[in-house]
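With the first letter of the sequence shown counted as 1, position 14 gets the number 13 in numbering that gives the first Met the number 0; the numbers rise by one all the way through.
For each residue, glycine too, the CB sits at the ideal point set by N, CA and C.
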Amino acid sequence: MAVAVNDEPARANAELDRYLQGYYMQPAEVIRRQQYCFTGGEYERQMELLAAMREELSG
């Protein structure tokens, strides 16, 4: 799972794309289809999503 938080959602998306492409050496769009990826500036919403996934995965 990858998370990028920035007050500007477009910048968060760009930051995450650069990370994914650099780390996995594949286009970010390919990696985004293979794993959970979240970006944006809604910190509380992202934390709620992460908490829900944690519960689901530990289930």
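Discussion item. Spatial neighbours of TYR23 within its chain, please: C-beta separation below 6 Å, excluding the five flanking residues on both sides.
Written reply: ILE30
Worksheet item: Are the beta-carbon atoms of VAL4 and GLN45 separated by less than 8 Å?
Response: yes
Item to complete: With a threshold of 16 other CB atoms inside 10 Å of the CB of ASN39, please say whether the residue is buried or exposed.
Response: At residue 39 the sequence reads Gly, which differs from the Asn that was named. When all chains shown are included, GLY39 counts as buried.
Practice prompt. Determine the extent of the alpha helix (DSSP H) in which ASN12 is found, giving its start and end residues.
Written response: 8-23
Fill in: Cα-Cα separation, GLY21 to GLY58
32 Å
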